[in-house]
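A quick write-up on the structure given underneath.
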Amino acid sequence: PDAAKGDDLLAAVEMAKFYLLLQPDLYRGGDSALWEFLALPECLFCSSTVTSTQRRVKDGHLQVGGEYSIPEQVVGSVLDDVTDNTTTALVQFTFVEAPYQIVARDGTVIKAGDEGTYLVTIALRHVGGLWRVYAAAIE
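Residues 1 to 139 in this note's numbering are what the sequence shown lists, from first letter to last.
Okay, here's the thing in structure tokens:
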């Protein structure tokens, strides 16, 4: 997104939000190419999300609902342009996951979840003119 272009903290915050908002589509069988491109190889959260969602989709278990929204401003963010001779950012914010169901091919509801509010922390590194994710955690 245009707001994520640049090497400043505001751009890092916008990329973190954009990245997180891609996740629900993975559970619906969406293409993971952009999610994977924006993740650096060392991001275990990123790679495990792709692995688990692809396994679910292959098994025919698709999510219905479960969209994410980001209702508030960022809880915390910091920019570090000294460590490892690279610019890094740490961004933390809350998000809301809408109610969802995991549905099997035959229409059976395997799992359902109510609306939930979570705290996410995303670490980004500015590489090649682009903010990319190298770690994330959801509480």
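Virtual Cβ for every residue (Gly too), placed ideally from N, Cα, C.
Item, Value
"Through-space distance from Val120 to Ile138, alpha-carbon basis", "4 Å"
"Cβ-Cβ separation, Tyr118 to Gln63 (assumed contact under 8 Å), whole Å", "Between Tyr118 and Gln63 the Cβ distance is about 16 Å, and since that is not below 8 Å, they are no contact."
"Leu40 - DSSP class collapsed to helix/strand/coil", "coil"
"Residue burial classification, Gly76 (beta-carbon count within 10 angstroms, cutoff 16)", "exposed"
"First and last residue of the uninterrupted beta strand (DSSP E) at Asp80", "76-80"
"Those residues which DSSP pairs with Glu97 across a bridge", "Tyr68, Gly116"
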